[in-house]
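Residue numbers for the sequence shown follow our numbering, beginning at 1119 and rising by one.
Where is the CB? At the ideal position from N, CA and C, for every residue including glycine.
Reading through the structure tokens given below for one structure.
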Amino acid sequence: MDFSSLRSLITRYCTGEESWVDSRTVYIGNKVPPPGTEAYILQRFPDNRIVSSKYTFWNFIPKNLFEQFRRIANFYFLIIFLVQLIIDTPTSPMTSGLPLFFVITVTAIKQGYEDWIRHKADNAVNQCPVHVIQRGKVERKQSQKLQVGDIVQVKENETFPCDLILLSTSREDGTCFVTTASLDGESSHKTYYAVQDTKAFNTAEEVETLHATIECEQPQPDLYKFVGRINIYLDRNEPIARPLGSENLLLRGATLKNTEYIHAVAIYTGMETKMALNYQSKSQKRSAVEKSMNAYLIVYLCILISKALINTVLKYVWQANPNRDEPWYNQKTETERQRHVLIRAFTDFLAFMVLFNYIIPVSMYVTVEMQKFLGSYFILWDDDMFDEELGERPLVNTSDLNEELGQVEYVFTDKTGTLTENNMELRECCVDGHVYVPHAICNGQILPGAAEMDMIDSSPGIDGKEREELFFRALCLCHTVQVKEEETVDGIKRGIHQGKSTSFYISSSPDEVALVEGMKRLGFTYLRLKDSHMEILNREEEMERFELLEVLNFDSVRRRMSVIVRSSSGEYYLFCKGADSSIFPRVVSGKVEQVRARVEHNAVEGLRTLCVAYKKLTHEEYEQTCHLLSSAKLCLHECDKKLAEAYDVIEKDFILLGATAVEDRLQDKAADTIESLHKAGMKVWVLTGDKMETAAATCYASRLFHRNTQILELTTKRTEEQSLHDVLFDLSRTVLRQHGSMTRDIFSGLSGDYQDYGLIIDGATLSAVLKPTRDVTSNGGNYKEIFLEICRNCSAVLCCRMAPLQKAQIVKLIKASKEHPITLAIGDGANDVSMILEAHVGIGIMGKEGRQAARNSDYAITKFKHLKKMLLVHGHYYYIRIAELVQYFFYKNVCFIFPQFLYQFFCGFSQQPLYDTAYLTLYNISFTSLPILLYSLMEQHINMDILKRDPSLYRDIAKNSLLRWPTFIYWTLLGVFNAVVFFFGAVFLFDNTTFTSNGQMFGNWTFGTLVFTVLVFTVTLKLALDTHYWTWINHFVIWGSLLFYVIFSLLWGGIIWPFLNYQRMYYVFMQMLSSGPAWLSIILLIIVCLLPDVVKKVLCRALWPTTTERIQNADKLYKGHLSEFTPLSSLQAPPTRKHVRRGNESQNHTHRRSDSSPPKKLMCTYWGGRPDYCTFSSFFRIGENLRFSGAAYAYRAPGPETSV
């Protein structure tokens, strides 16, 4: 028996049969079925309680502590604290316990508050009243007490309390209208249908008499899939079986509209509802910076262990001489002498670990979380990203990935609704080769002055007239559009006729609305669906009624939809519309070539095309069709497969009528955004379900492809002519011809020295590429690797005819490639959710395809153009800030602890602390925490307008460049150097000036206080030198922190504190400040510490400046008035005074020209006054007296309080 079978058996035994069987049986009204009909099996189901909270009152403390101590740094400090409690250590347990307690408490309060909010939301939902039919009466009960099988009455505008099967409605035809905005964001009204045999049970008394059972599948998260059947017992005869599908299932969270009331039976409750299954926890994403932090933490942990080990060994080497065993005033007790040497050595090792443990910055994690949380508000406050049309601002669903916005290498974008507006406009119809152009039909809006329809070629003639009208009827009948009898929706007028309060069309598909509206302009008006009859108004203003018999819904695999209708004369028609690739192979007659030529022409123009076909059915054929569909729908197992087979049999032998062309306009500044992303070094891939020609035209319009781009095709058409193996190797040789086997630079597409390549691949070929290959030759490698090699050498890639799952597979493939690039996925529809969740950073667009993408994303924006600022400005700032924060935190802790390590060589390795307990505790919490936190929120090393104007600056921070190992080693060595200067500078002073003016000798606490004073001032001033963007709050925090340290030290040593059992710091700080040599040494040591770093940066800036440093120099040279005409990429070292004068003259001359000429698009132009470096609605009013530090800038990220 294999392990899967064993696991299955164990699952069945442990969890009960109902958790593993493929289907469940629900007894409507929880009534036992008539005797002898079937065995009554009582099944247990969960109640309707929704639980989104993480903790309860009883498990909050243990569960939260467990989760917090899973973090390495927290667990490490807990061990250190316990060691301090158990053994005699040189420092008080408070030095580790207090910071740890602070970190744990702050995090617990934050998580507890968030969970309390979730509890309140859960209680509000669970205690909401619902109406249940019991004993023929409508009774109220709390939602959480609802059980599977209960019959629920829901009234208009109420929300469904659980997943329900619709039994009956207040409407005679048994339909109801529902909005699913809370599930997928679609505000359109969707139609749901009651079971035909139960729709007559309209009152509570009638519903109570219903005897029926429902067999259905076990809960699963797919919102659009449901398979089941209902068995209805009438007069105790054999039950009547009817199929149940997604059109009968009302989902929890949806809202009833335009229907007075409904009766429905609870089928899935509580955490088994589809909504609960869909919105459970998503996978946790971790940024590259967090991974670097963890790697650095391991390195510092190794350094800590090495320090403790070295000191332990040297201590016993020192004590090997009997004369040095212990000083006379610290004789060992008899118990200590009798202890085994290994036990004593281990105890000493732990004591040294405690002494040096502050090199591990535990509070860095808290500061990083604060920086990310507070920093995310800069996106929310950005007025440039506010959409006035929607009245929406960007959303930040997670702040953990802010810095990842500055590291993106691949951008995967949807086309429809993301690059385009998803605002459909019917451009033309083609009927048997005759083209019709209705004017100004735009997504249901008739523009003023619209003329009647135009025909741009010859009249179709008498015979063609019938085909023309049949084409228009087909489009009026083959759709899922609903008609709403209102004038306004959300304050927007939606009337078909101007000035009249009349009906308008709504649908989940903008294409369908555009087509039906276009038909109205061409003389055929769809009126309504009433009593299963579709009513249309023809050109003669005569009403035509067609009975709607069957709807074969659209799906992404078939790429078509069909309806079967019966005309008033009794004729049966099957109308079908869909993609040309799914219609043409099923056509047996019609003017195929003329229509195909027009479709291809429109596709090249970037229009969305659909083909329309039909066939007449005899009564016998219709009966066979109904039987085929009914048999497939009644199957509980593989229902989708059998339905697809039935559709395949039914939808064939069509007569082609014509085609439509709908335009989806490109979004504002979409092309500029893609071009900027290319210049920033990012590769942009378009993943779409559209046909190749349409998608390619959009790519040219959006500048993803250029006219000189050589297009490489990896499509089904080509693989039919050649084998996939040969096509892949041909393409590989093509792209590598100029470069041998070397991968082309990712920016080479911007240069004229290289041929620019673009790749087009379709979904079918991609499936073949991703399929494991066995027939690949030994020197050929794997298809995936060859495909990736081709993609690396292409400036842009277009993937068309993609299913939603394939989009996620593409993202996963790139993520797993050997470079492990950072990926970003952006889309606006539910079909984009899978790739948004798969990418490192997921961005949803709040568009017309609903809000499901926005809800499942990490960030949400209103327009594609906002991606440019989000990445090039916000992402850039976030990354350089947090990179400095992390490096600075480790640096200041090395400065803090390394003198303690050196001090052991001068105190006989006795574990004597160099610093007082208060200094050890408050160093990371108070003295050095706020300046780096503020830096990590405010720093702007380059004007944001320059960042937008010159996207190539994004490359300077690519591939985690500011947190690479050389940079980390430099910061660590700088910290070691500063620590050596602190310590030996103070030693030199004490060797030569050991007395104050009154002859009193300095003690060890004075020595430690001197070192600590130089330490605090040096690390704070180091941050001040790295700051480029000064505001009043920077000055207040930096100088205020130093002042706070001085005042605290004066109070701490100036008062005898009664709660302390020691007074070793009394008068120490004042005594140190009373010595002139101490003042001199403090100033000199600070200068000596900072000088090498300043010199190094000045030399690097002068001799090997980066692009960023050249722009900083130029910006300071022009005092922030850098002209947009200055070639940023060519800026060199600071010019001479003569050049400066010419630059100013040029500016003044250009300024005079700009007064008389039309305004230009300004990216970074300031001719006078102060540049506004911050366009946020800032909370702090920052931006006053803007200037830069005189010191050169080195990339670093802000740093929080650490080493706690």
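Notebook entry, point to check: Are the segment 1545–1559 and the segment 1776–1795 touching, with three or more C-beta to C-beta distances below 8 angstroms?
Noted result: yes
Note to self: With DSSP as the reference, identify every bridge partner of I1251, one or two as the case may be.
What the structure shows: V1256, I1269
Item checked: Closest residue to E1937 among L1367, R1910, L1341 (Cα-Cα distance) -> R1910
Notebook entry, point to check: With which residues is S1494 paired in a DSSP beta bridge?
Noted result: According to DSSP, S1494 bridges with nothing at all.
Check: Where does F1295 sit, in a helix, a strand or coil, going by DSSP?
Finding: strand
Item checked: Cβ-Cβ distance between S1481 and I2043 below 9 angstroms -> yes
Notebook entry, point to check: Which value, in whole angstroms, describes the spacing of the CA atoms of T1736 and Y1690?
Noted result: 7 angstroms
Notebook entry, point to check: Would you call K1533 buried or exposed, if buried means 16 or more other Cβ atoms sit within 10 Å of its Cβ?
Noted result: buried
Next item on the list: Sort D1466, H1824, R1457 by Cα distance to L1432 and report the nearest one.
Entry: D1466
Note to self: Suppose the cutoff is 7 angstroms on Cβ atoms and the five residues either side in sequence are ignored; what does the same chain contact list for V2155 look like?
What the structure shows: L2048, P2049, L2052
Check: Could you give the C-beta distance for L1805 and M1953, rounded to a whole number, given that I count them as a contact under 8 angstroms?
Finding: 7 angstroms
Check: Between the C-alpha atoms of Y1145 and F1905, what's the straight-line distance to the nearest angstrom?
Finding: 54 angstroms
Margin query: Taking the alpha carbon of S1364 as the reference point, which residue from T1321, R1289, G1688, Y1311 has its own alpha carbon closest?
Written below: Y1311
Check: Going by beta carbon distance, what residues of the same chain come within less than 6 angstroms of L1728, once the five residues before and after it are set aside?
Finding: K1695, T1778
Note to self: The alpha helix (DSSP H) that contains R1714, what's its start and end?
What the structure shows: 1710–1722
Notebook entry, point to check: When the Cα atoms are used, what is the spatial distance from E1769 to N1515?
Noted result: 44 angstroms
Margin query: Between the segment 1210–1217 and the segment 1189–1200, can you find at least three pairs of beta-carbon atoms closer than 8 angstroms?
Written below: yes
Notebook entry, point to check: Which residues share a DSSP beta bridge with G1696?
Noted result: R1678, C1729
Next item on the list: List the whole-angstrom C-beta distance separating S1650 from E1665, where the pair is believed to meet the contact cut-off of C-beta under 8 angstroms.
Entry: 6 angstroms
Margin query: Contact between the segment 1371–1389 and the segment 1266–1279 is defined here as three or more beta-carbon pairs at a separation below 8 angstroms; is this criterion met?
Written below: yes
Next item on the list: For the alpha helix (DSSP H) holding T1223, just list the boundary residues, first then last.
Entry: 1212–1244
Notebook entry, point to check: By Cβ distance, which residues of its chain are closer than 7 angstroms to T2224, with the 5 residues on each side in sequence left out?
Noted result: D2074
Margin query: DSSP has N1349 in a bridge; who is on the other side?
Written below: T1331, A1359
Notebook entry, point to check: What three-state label does DSSP hand I1574 in the structure shown?
Noted result: Unreliable positioning characterises I1574 in this predicted model, as indicated by a pLDDT of 40, which lies under 50. A coordinate reading is not provided.
Item checked: Cβ-based burial, K1583 [other Cβ within 10 Å; buried from 16] -> exposed
Item checked: Best match in L1473, A1438, I1478, V1472 for proximity to V1459 [C-alpha to C-alpha] -> A1438
Note to self: Three or more C-beta pairs under 8 angstroms: does that hold for the segment 1492–1511 against the segment 1991–2001?
What the structure shows: yes
Next item on the list: Can you tell me the Cβ-Cβ gap for S1082 and E1333, rounded? I've got them flagged as a contact below 8 angstroms.
Entry: A question about residue 1082 goes unanswered here, because the residues of the chain that appear run from 1119 up to 2322.
Next item on the list: Could you check if V1270 is buried or exposed, using at least 16 other CB atoms within 10 Å of its CB as the buried criterion?
Entry: buried
Note to self: Would the segment 2050–2070 count as touching the segment 2180–2199 if we require 3 or more Cβ pairs under 8 angstroms?
What the structure shows: no
Next item on the list: Tell me H1381's beta-bridge partners as DSSP assigns them.
Entry: Q1271, S1286
Checklist line | H1796, buried or exposed, once every other Cβ within 10 Å from all chains shown has been counted against 16 | finding: buried
Item checked: M2357, enclosing beta strand (DSSP E) - first and last residue -> Because the chain in this structure spans residues 1119 to 2322, residue 2357 falls outside the shown range and cannot be described.
Check: Just the Cα atoms here: how many angstroms apart are I2229 and H2146?
Finding: 13 angstroms
Check: How many angstroms separate the CA atom of A1943 from the CA atom of L1923?
Finding: 14 angstroms
Margin query: Relative to the C-alpha of T1209, which candidate in P1247, A1469, L1264, C1918 has its C-alpha closest?
Written below: A1469
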